[in-house]
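Engineer: Dropping a structure here in structure tokens format, bear with me for questions.
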Amino acid sequence: MLGFLKEPVVVTAKINVSLVALTVMGLISRLWGLCYPRAVVFDEVYYGQFVSLYMKRIFFVDDSGPPFGHMLLALGGYLGGFDGNFLWNRIGAEYSMNVPVWSLRLLPALAGALCVPLAYQILVELHFSHCAALGAALLILLENSLITQSRFMLLESILIFFILLAVLSYLKFYNLQKHSAFSGSWWFWLLLTGVACSCAVGVKYMGLFTYMLLLATAGLHFWHMIGDQNLSNVSLLCHFLARGLALIVIPMGLYLSFFYVHLALLYRSGPHDQIMTSAFQASLEGGLARITQGQPLEVAYGSQITLRNVLGKPMQCWLHSHTNTYPIRYENGRGSSHQQQVTCYPFKDVNNWWIVKDPGMQQLVVSNPPRPVRHGHIVQLVHGITTRYLNTHDVAAPLSPHSQEVSCYIDYNISMPAQNLWRVEIVNRESDTDVWKTILSEVRFVHVNTSAVLKASGLSGASLPEWGYRQLEVVGEKLSKGYHQSMLWNVEEHRYGKSQEQKEREVELHSPTQMDISKNLSFMAKFTELQWKILTLKNEDTEHKYSSSALDWITMDTNIAYWLHPTSGAQIHLLGNVATWASANAAALVYLCLSLWYLLRRRRKIYDIPEDAWQLWMAAGGICGGGWAVNYLPFFLMEKTLFLYHYLPAVTFQILLIPVVLQHLSDHLCRSVLLKSMFSALVVAWFSWVYFVYCTFSPLTYGQPALAPAELRALRWKDTWNILIRKQ
1482 MLGFLKEPVV VTAKINVSLV ALTVMGLISR LWGLCYPRAV VFDEVYYGQF
1532 VSLYMKRIFF VDDSGPPFGH MLLALGGYLG GFDGNFLWNR IGAEYSMNVP
1582 VWSLRLLPAL AGALCVPLAY QILVELHFSH CAALGAALLI LLENSLITQS
1632 RFMLLESILI FFILLAVLSY LKFYNLQKHS AFSGSWWFWL LLTGVACSCA
1682 VGVKYMGLFT YMLLLATAGL HFWHMIGDQN LSNVSLLCHF LARGLALIVI
1732 PMGLYLSFFY VHLALLYRSG PHDQIMTSAF QASLEGGLAR ITQGQPLEVA
1782 YGSQITLRNV LGKPMQCWLH SHTNTYPIRY ENGRGSSHQQ QVTCYPFKDV
1832 NNWWIVKDPG MQQLVVSNPP RPVRHGHIVQ LVHGITTRYL NTHDVAAPLS
1882 PHSQEVSCYI DYNISMPAQN LWRVEIVNRE SDTDVWKTIL SEVRFVHVNT
1932 SAVLKASGLS GASLPEWGYR QLEVVGEKLS KGYHQSMLWN VEEHRYGKSQ
1982 EQKEREVELH SPTQMDISKN LSFMAKFTEL QWKILTLKNE DTEHKYSSSA
2032 LDWITMDTNI AYWLHPTSGA QIHLLGNVAT WASANAAALV YLCLSLWYLL
2082 RRRRKIYDIP EDAWQLWMAA GGICGGGWAV NYLPFFLMEK TLFLYHYLPA
2132 VTFQILLIPV VLQHLSDHLC RSVLLKSMFS ALVVAWFSWV YFVYCTFSPL
2182 TYGQPALAPA ELRALRWKDT WNILIRKQ
């Protein structure tokens, strides 16, 4: 039995020395002097805040994208023992000793370094020569902009890594298709394609562009498979299901898992709570949860409630009233009802409390057992402190003359009767018999007499004048004018009223409740709300000193100053390798012109290159040229502040196109030995130029050594570049 021990166990491995060398060089170029500068560099001031919040488990919302990239940066901080205590308020601020700078910058640097061997592998899988693959990797290695972006706590290098990994995985899967379908390696690369696509989208939504490109490519390849008569219907179905599972189902599940981990980590209340619904806020530890813990779930006749507007932006506000009345006449001469003001107040206050009353009864307390209010029930809302009824009528609102004024009714003994009946409509109900629930129900109040809907119009307009204490206007809006979230309200604070006497009731309004009912949201409910906020919550875009247009990127007419040493001339800029960017533009133009020429000639049945060379040419263009197009052209449709770093994924694909074009020119247009030799010499000279530009701008890439003012002026190759020069 032990006969196998008589012979030594031998393991044979093939090592691609070029690939190993490229990886090592990539690591050196990205990791060298990673802690320098030990100061906040450009957008580290932005991402660092989120890392600190992760360390403290405090909830936040970032409207720039999903949480996976932030979690990776936070992982670096966690591995380095970061406690989250640092004030991220200024670019250039020196890091305190508790901030593990090397760990925080490590993962982006590793991702940037691994892009070098990935570029090599992609060209190999596209069936180009080792020389072309080596050239692609070296171009990525010597690209100044990619080096700069990967050496700091930023997300673009991580995004590009997952994008290239997805492309490489799909190419490996596709190349295994003919001979090893459904093998272990076939499944591995197919699944890795879906995982990498999901990770790319999870880092930034820009990853969707490459994901869509790969889905379209997979769809095209499957379309060609349908025409293969050697494949049975069952086999085609299996191929379709395998691709659907790996490229759609698994990425969606993984994307959900990013949010699951994100929400599991951030369980404490934080500064971004107010933009979420009351139900979401109540699910977090601290903050609103401390107030709402133990509240009754079902709203009943006699309930004491506060009503928060569901819209919640630009600020949260609660239905509010106070003893002051509307002025008899406004500044523009229009008259009012002179009744008690009703507003939406952006702070918690005792005047935010209302009592839900049954119109057919006088009592303002909850009966035993409580009588719950259901969808469609008619109620009156009594202001808790002043005991006046919420009312609206055919009088123009102060700031919105086409809407009805909302007030608390005062009987002046004139011909203006009370109109204080409201129908409760639960918008997110599951059935028409649903009970009105604390926090969970989103409710619309429809005025019985006029069919107007209670609306916080001030959230989308100006605040009331001084007579209204600059609070937000509340109006009765006709349903015919459309639906808006500012018409929805939810009960945030709730107690069962027990005191019929007003003085006792005022004391009761300040006291906590004792009942214990859990209102935790499910994960899917929290995910849906958070995802919607990320997609719809937009900060006001302001012009930035270093913002640019998409047209500026192709010719690199712009740059970004990332960091400036406080005393010397040392500085770091996001600037690309001019030689590489110019060559990438030329390669794209040559590829386009040659492709059109070949297509025209092929239409005339003239075939200038062999069919396999044509297929190779088109496949490389689809991946490299298509990758550039899908990652660049959408920015012309975006209404947001744009920066040069948004172009980095696109230019990475464009750089991969350079060796594709060079090899094609060498193989098919340089037909004589002399021409091939001359072309090779030109390529060597060109590559020397690329290396020269890399070395020339490396002081601005790495921030050292510090350059004298004259040397900095010499690096300003374009008038549009903003190189910082200190006055002597």
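All residue numbers for the sequence shown refer to our numbering, where the first residue is 1482 and numbers rise by one.
The C-beta atom is built at its ideal place from N, Cα and C for all residues, glycine as well.
Note that the coordinates shown come from a computational prediction; the quantities given were computed from them, not determined experimentally.
#1: State the beta-bridge partners of Cys1612 as determined by DSSP.
#2: Is Met1996 buried or exposed, if buried means 16 or more other CB atoms sit within 10 Å of its CB?
#3: Among all the DSSP beta bridges, which residues are the ones paired with Cys1825?
#4: With distances taken between CB atoms, is the gap from Val1846 to Lys1979 smaller than 8 Å?
#5: Going along the chain, which residues of its own chain have a beta-carbon closer than 8 Å to the beta-carbon of Tyr1576, five neighbours each way excluded?
#6: Tell me which residues share the same chain as Arg1869 and place their Cβ nearer than 8 Å to its Cβ, disregarding the 5 neighbours each side in the sequence.
#7: When you compare the region 2150 to 2169 with the region 2112 to 2128, are there three or more beta-carbon pairs, one atom per stretch, that lie closer than 8 Å?
#8: Would you mind stating whether Leu1717 and Met1706 have Cβ atoms separated by less than 8 Å?
#9: Taking Trp2170 as part of the alpha helix (DSSP H), name the residues at either end of that continuous run.
#10: Using DSSP with H/G/I as helix, E/B as strand and the rest coil, what is Asn1833?
#11: Under 8 Å: do the region 1646 to 1659 and the region 1535 to 1546 share three or more Cβ pairs, one atom per stretch?
#12: Am I right that Val1791 and Leu2018 are in contact with their C-beta atoms under 8 Å? What's the rounded C-beta distance?
#13: Compute the beta-carbon to beta-carbon distance between Leu1640 and Pro2130, rounded to the nearest angstrom, for a pair I have assumed lies under 8 Å.
#14: Residues in the same chain with beta-carbon distance under 7 Å from Ile1644, minus the five sequence neighbours each way, listed in chain order, please.
#15: Going by DSSP, what residue range makes up the beta strand (DSSP E) through Ala1933?
#16: According to DSSP, Lys1918 sits in a beta bridge with which residue or residues?
#17: Over the uninterrupted alpha helix (DSSP H) stretch that includes Asn1714, give me the two end residues.
#18: Exposed or buried, Gly1754, counting other C-beta atoms within 10 Å across all chains shown (16 or more means buried)?
#19: Mind checking Ser1999: buried by the 16 CB within 10 Å criterion, or exposed?
#20: Just to confirm, are Tyr1741 and Phe2004 a CB contact at a threshold of 8 Å?
#21: Hey, could you find the ends of the beta strand (DSSP E) Phe1784 is sitting in?
#22: Considering only DSSP beta bridges, list what Arg1855 is partnered with.
#23: With DSSP collapsed to three states, give me the class of Gly1507.
#24: For Trp1903, I'd like the list of residues in its chain whose CB is within less than 8 Å of its CB, leaving aside the five on either flank, ordered along the chain.
#25: Within 10 angstroms of the Cβ of Val2165, are there 16 or more other Cβ atoms? Answer buried if so, exposed if not.
#26: Apart from the five residues just before and just after Ser1944, which ones in its own chain have a Cβ nearer than 6 Å to its Cβ?
#27: Look up Thr2201 in the DSSP assignment and say whether it is helix, strand or coil.
#28: Take the Cβ of Cys2105 as the centre, count every other Cβ of all protein chains shown within 10 Å, and call the residue buried at 16 or more, exposed below.
#29: Does the Cβ-Cβ distance between Leu2188 and Gly2050 come in under 8 Å?
#30: In the DSSP output, which residue or residues are listed as bridge partners for Tyr1870?
#31: Within this structure, are the beta carbons of Val2071 and Trp2198 separated by less than 8 Å?
#32: Looking only at C-alpha atoms, which of Pro1850, His1743 and Gln1710 sits nearest to Pro1777?
#33: What residue range is occupied by the uninterrupted alpha helix (DSSP H) comprising His2211?
#34: Identify which residue in Ala2195, Leu1599 and Leu1765 has its Cα closest to the Cα of Leu1503.
#35: Have a look at the DSSP bridge pairing and note the partners of Ala1877.
#36: By alpha-carbon positions, which one of Leu2137, Asp1709, Trp1948 and Phe1703 ends up nearest to Ala1723?
Structural biologist: Once the coordinates are examined:
#1: Indexing the sequence shown from 1 puts residue 1612 at position 131. DSSP lists no partner for Cys1612.
#2: For this step, residue 1996 is matched to residue 515 along the sequence shown. Only weak support exists for where Met1996 lies, its pLDDT of 38 falling under 50; the value from the coordinates is given anyway. Per the 10 Å Cβ criterion, exposed.
#3: As a working note, residue 1825 is residue 344 in the sequence shown. Residue pairing by DSSP places Cys1825 opposite Leu1800 and Leu1953 in a beta bridge.
#4: Residue 1846 sits at position 365 when you count from the first residue of the sequence shown. Residue 1979 sits at position 498 when you count from the first residue of the sequence shown. Result yes, Cβ atoms of Val1846 and Lys1979 sit closer than 8 Å.
#5: The residue you call residue 1576 lines up with position 95 of the sequence shown. Contacts found: Arg1519, Ala1520, Val1521, Phe1567 and Val1582.
#6: Within the sequence shown, residue 1869 is the residue found at index 388, counting from 1. These residues qualify, in order along the chain: Ser1802, Gln1821, Val1863, Cys1889, Tyr1890 and Ile1891.
#7: Here the region 2150 to 2169 makes no contact with the region 2112 to 2128; the two share fewer than three CB pairs at distances below 8 Å.
#8: The sequence position of residue 1717 within the sequence shown is 236, counting from 1. The sequence position of residue 1706 within the sequence shown is 225, counting from 1. Yes, the Cβ-Cβ distance between Leu1717 and Met1706 is below 8 Å.
#9: Position 689 of the sequence shown holds residue 2170. Its alpha helix (DSSP H) spans residues Val2154 to Tyr2183.
#10: Against the sequence shown, residue 1833 aligns to sequence position 352. DSSP, reduced to helix, strand and coil, places Asn1833 within a helical segment of the structure shown.
#11: Because the criterion of three Cβ pairs below 8 Å is not met, the region 1646 to 1659 and the region 1535 to 1546 do not touch.
#12: Along the sequence shown, read from residue 1 onward, the residue named residue 1791 stands at position 310. Along the sequence shown, read from residue 1 onward, the residue named residue 2018 stands at position 537. Contact doesn't hold; Cβ gap of about 14 Å is too wide.
#13: Within the sequence shown, numbered from 1, the residue matching residue 1640 stands at position 159. Within the sequence shown, numbered from 1, the residue matching residue 2130 stands at position 649. With 8 Å as the limit, Leu1640 and Pro2130 qualify as a contact, their Cβ atoms being about 6 Å apart.
#14: On the sequence shown, position 163 is the one that residue 1644 refers to. Ala1681, Gly1688, Thr1691 and Pro2130.
#15: Residue numbering aside, residue 1933 sits at position 452 when the sequence shown is read from its first letter. Taken as a continuous stretch (DSSP letters only), the beta strand (DSSP E) holding Ala1933 covers Ala1933 to Lys1936.
#16: Looking up residue 1918 in the sequence shown gives position 437. DSSP output for Lys1918 lists Glu1779 as bridge partner(s).
#17: Translated into the one-based positions of the sequence shown, residue 1714 becomes position 233. Start and end: Asn1714 to Gly1725.
#18: Taking the sequence shown and counting its residues from 1, the one referred to as residue 1754 is at position 273. Reading off the sequence, residue 1754 comes out as Asp, not Gly. With 16 or more other Cβ atoms from the protein chains shown falling within 10 Å of its own Cβ, Asp1754 counts as buried.
#19: Position 518 of the sequence shown, counting from 1, holds the residue named residue 1999. Because Ser1999 carries a pLDDT of 43, less than 50, the predicted location of this residue cannot be relied on, and the following value inherits that uncertainty. Classification for Ser1999: exposed.
#20: Your numbering for residue 1741 matches position 260 in the sequence shown. Your numbering for residue 2004 matches position 523 in the sequence shown. Here Tyr1741 is near Phe2004, since their CB atoms are less than 8 Å apart.
#21: By one-based count along the sequence shown, residue 1784 stands at place 303. Correcting the residue type first, residue 1784 is Ser in the shown sequence and not Phe. Taken as a continuous stretch (DSSP letters only), the beta strand (DSSP E) holding Ser1784 covers Ser1784 to Asn1790.
#22: As a working mapping, residue 1855 is identified with position 374 in the sequence shown. In DSSP, Arg1855 forms a bridge with Val1916.
#23: Against the sequence shown, residue 1507 aligns to sequence position 26. Per DSSP, reduced to three states, the secondary structure at Gly1507 is helical.
#24: Numbered from its first residue, the sequence shown carries residue 1903 at position 422. Cβ within range, chain order: Ile1859, Val1860, Gln1861, Leu1862, Leu1871, Phe1926, Val1927, His1928, Val1929 and Leu1935.
#25: One-based indexing of the sequence shown puts residue 2165 at position 684. Exposed, because fewer than 16 other Cβ atoms sit within 10 Å of the Cβ of Val2165.
#26: The residue labelled residue 1944 in the question sits at position 463 within the sequence shown. Around Ser1944: Arg1951 and Leu1953.
#27: Locating residue 2201 in the sequence shown gives position 720, where the first residue counts as 1. Here DSSP, grouped into helix, strand and coil, assigns Thr2201 to coil.
#28: As a working note, residue 2105 is residue 624 in the sequence shown. Cys2105 should be labelled buried.
#29: For the purposes of this step, residue 2188 is taken as residue 707 along the sequence shown, with counting starting at 1. For the purposes of this step, residue 2050 is taken as residue 569 along the sequence shown, with counting starting at 1. With contacts defined as CB atoms closer than 8 Å, Leu2188 and Gly2050 qualify as a contacting pair.
#30: Numbered from 1 along the sequence shown, position 389 holds the residue referred to as residue 1870. In the DSSP output, where bridge partners are listed per residue, Tyr1870 has Val1863.
#31: The count along the sequence shown starts at 1 and reaches residue 2071 at position 590. The count along the sequence shown starts at 1 and reaches residue 2198 at position 717. Cβ atoms of Val2071 and Trp2198: not closer than 8 Å.
#32: Within the sequence shown, residue 1777 is the residue found at index 296, counting from 1. When Pro1850, His1743 and Gln1710 are compared, the shortest CA-CA separation from Pro1777 is found for Pro1850.
#33: Here the chain has residues from 1482 to 2209 only, and residue 2211 is not among them.
#34: Residue numbering aside, residue 1503 sits at position 22 when the sequence shown is read from its first letter. Out of Ala2195, Leu1599 and Leu1765, Leu1599 has the C-alpha closest to the C-alpha of Leu1503.
#35: Within the sequence shown, the letter at position 396 stands for residue 1877. For Ala1877, which the question treats as bridged, DSSP gives the partners Gln1885.
#36: Position 242 of the sequence shown holds residue 1723. That would be Phe1703, whose Cα lies nearest to the Cα of Ala1723.
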